[in-house]
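Residue numbers (the numbering used here): 110 to 586.
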Amino acid sequence: MYYFKFPQRVKYLLYLSCTVFILNSCSPPSTSTEKVEETNGKFVKNNFPDFGRMISPAEFHSKFPNDRVFKLSQDYPLEMPDDSQIPSFFDIPFDDDERWMEYINAVRDYAFEGMIDVDFIAQESKVRKWYHMPWMHWGPQGSEGFHGLAKEAEIGPYQLGPDQKTSHQTYALGFYNEFAGYTLAQMWKDKDNPDPYATQKPNGFPVGTVIFKLLFTDADESEVDYLVNPMTWNAYITPTWNNGQDTGRVVKKMHLIQMDVMVRDPRADQYGTGWVFGTFCYNGKLNNGKEGSFRAENLVPVGIQFGNDPQDTTNFINPYPVTKTIINPNLKQTKINPDSTQLPPQHLGWGGRLDGPVDLNTSSCMSCHATAEFPQIAALVPKESFIGDTNALGQLTKLTETQAEEFIDYFKNLECATPYTADATSCDFSLQVSLALGYFTEWKDEEVEGYWTSEFERLPVEMNRDGSLKINVPQLD
């Protein structure tokens, strides 16, 4: 789901022998619930920046008088919601061939209730609280100021269809319900010393957590026919994926293309993961008179995933450009929507596992998110996912290194709140948690104008969407 290049060099801190998180001091992981100065009553009262990149206030008011600037929802709850707040769709069996669609549509309805009619402004929802991840503002690829969208994946030629001959980019905004917000409170209640153990056992996102993310692209209907009748947001973004980091951003219309959901459902524990993932694709051909944010209802389920089916080694890729969704009937832990009258053709992931339209066709939602850790040592996608046979357009048709240990491990089922890599702490399948902690660490180094010995125990790595790991040797004064 998240196949972005990490925005800048993330300092990969190792933990000392006493297993501490090194930012300010050598102290054990905090388990205290004692309030600190950043808390007020039942909520954390931090003041993280709302966004990182934006046009000037004068230009905003003169050119966009009807727009609003993004405000980070960050009053994270210090008390766990009671069981009465558990979503009602927990009564629907997500692994039932006849009812999984009912489940995933109920998740979508839960996310939209109270949000779609306020244009997804979290603070204005009258139904339930939703929160955003802090620290997405940091660095040259930080979030923008119209809607808080943060830069994610590049979209390669033909990935979205046969008429899409140029590359495009993806920006996204994530939302966390009150159960997830409680975990964010535990992590960020001391804003100067976040606790990375908040997402690792015996902690982790609690049962009842729902996270959803809206993904937008600068591709449009001229290349992607199902983006007709778009839901559009203004955004202050780079002109192209590889252009604009140093020369400046521009205001562009961005079009909703995908929605991802994550649900911490205890019934998924039996599959060794604890999470249920879902992905939706926008289809504006179904619009039927909808306007504004209500066009989000044009999102059609792609499928649902609650495990990686490690027993299935069917080695196939649906290469770009895709003309038909190929469903692998051997998969037991992925369910795919077979309705071609509603769902545009999908490439899916390796072997037909769940994957969204802007995601790579050699991965899966769950395998990518399982790598979420701090420090982010593991590649989001292993290099073996980019080695194989290609078609005349240079698109992969079959992988040839699927017996490599790293590739096999990538498609195993990982228990929630468990580290993917032994030297890291788990971010419990949340790549935004990994990003936020990495960004904070970079800022901290600059703020204190110093480094820690542990930062030199492992060479810093810049992670790229193509699976390569580039060694970066910091130049110190």
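The C-beta atom is built at its ideal place from N, Cα and C for all residues, glycine as well.
Rounded separation between residue i and residue j - CA only
| i | j | result |
| --- | --- | --- |
| Trp-384 | Phe-415 | 6 Å |
| Trp-209 | Glu-222 | 20 Å |
| Thr-588 | Pro-430 | Outside the shown range of the chain, which is 110 to 586, sits residue 588, and nothing can be said about it. |
| Asn-175 | Ala-307 | 40 Å |
| Ala-103 | Met-242 | Residue coverage of the chain in this structure runs from 110 to 586, which leaves residue 103 outside it and unanswerable. |
| Gln-183 | Gln-250 | 21 Å |
| Asn-522 | Asp-537 | 13 Å |
| His-364 | Pro-311 | 40 Å |
| Gln-504 | Asn-427 | 10 Å |
| Asp-532 | Pro-305 | 13 Å |
| Asp-301 | Phe-549 | 9 Å |
| Pro-348 | Met-475 | 31 Å |
| Cys-525 | Phe-169 | 43 Å |
| Gln-493 | Asn-351 | Just to set this straight, residue 493 is Glu in the shown sequence, not Gln. About 24 Å. |
| Thr-292 | Pro-271 | 42 Å |
| Glu-233 | Val-227 | 6 Å |
| Gly-381 | Thr-432 | 34 Å |
| Thr-318 | Gly-283 | 13 Å |
| Pro-196 | Lys-553 | 38 Å |
| Asp-518 | Thr-422 | 12 Å |
Beta-carbon proximity of residue i to residue j, cut-off 7 Å
| i | j | result |
| --- | --- | --- |
| Ser-472 | Gly-461 | no |
| Leu-336 | Gly-393 | yes |
| Cys-390 | Val-372 | no |
| Pro-528 | Glu-482 | yes |
| Ala-289 | Phe-314 | yes |
| Ile-225 | Ala-405 | yes |
| Pro-466 | Gln-367 | yes |
| Tyr-212 | Phe-203 | yes |
| Val-411 | Asn-439 | no |
| Leu-463 | Cys-477 | no |
| Ser-539 | Gln-485 | no |
| Thr-450 | Gln-309 | no |
| Ala-487 | Thr-530 | yes |
Other residues of its chain near residue i: CB distance less than 7 Å, five sequence neighbours each side excluded
| i | result |
| --- | --- |
| Lys-441 | Asp-418 |
| Ala-545 | Met-242, Pro-243, Trp-244 and Met-245 |
| Asn-214 | Pro-410 |
Counted within 10 angstroms of its Cβ, other Cβ atoms place residue i as buried (16 or more) or exposed
| i | result |
| --- | --- |
| Lys-238 | buried |
| Leu-502 | exposed |
| Val-557 | exposed |
| Tyr-560 | exposed |
| Gln-379 | exposed |
| Lys-151 | exposed |
| Lys-362 | exposed |
| Gln-420 | exposed |
| Lys-298 | buried |
| Lys-260 | buried |
| Asn-397 | exposed |
| Thr-443 | buried |
| Asn-377 | It should be noted that the sequence gives Ala, not Asn, for residue 377. Flag for Ala-377 reads buried. |
| Thr-279 | buried |
| Pro-166 | exposed |
| Asp-468 | buried |
Same chain, Cβ closer than 6 Å to residue i, five either side skipped, listed in chain order
| i | result |
| --- | --- |
| Lys-235 | Gly-223 |
| Thr-434 | Pro-454 and Gln-455 |
| Glu-287 | Pro-186, Pro-190 and Lys-238 |
| Pro-511 | Sequence check: residue 511 is Thr here, not Pro. These residues qualify, in order along the chain: Asn-424. |
| Asp-334 | none |
| Gly-497 | Leu-505, Lys-507, Leu-508 and Thr-509 |
| Val-316 | Arg-373 and Pro-375 |
| Met-340 | Leu-365, Arg-404 and Ala-405 |
| Ser-402 | Ile-225 and Asp-228 |
| Phe-520 | Asn-417, Pro-419 and Ser-476 |
Same chain, Cβ closer than 8 Å to residue i, neighbours up to 5 away in sequence not counted
| i | result |
| --- | --- |
| Lys-274 | Pro-266, Tyr-267 and Glu-332 |
| Asn-343 | Phe-173, Asp-176, Phe-255, His-256, Val-360, Lys-361, Lys-362 and Met-363 |
| Glu-188 | Lys-151 and Tyr-291 |
| Lys-399 | Asn-338, Glu-406 and Asn-407 |
Practice item. Count the C-beta pairs between the segment 248-263 and the segment 155-163 that are closer than 8 Å, then say yes if the count reaches three, no if not. Key: Three or more Cβ pairs closer than 8 Å define a contact, and the segment 248-263 meets that threshold against the segment 155-163.
Practice item. Could you tell me whether the segment 264-274 touches the segment 318-329, where touching means 3 or more Cβ pairs closer than 8 Å? Key: yes
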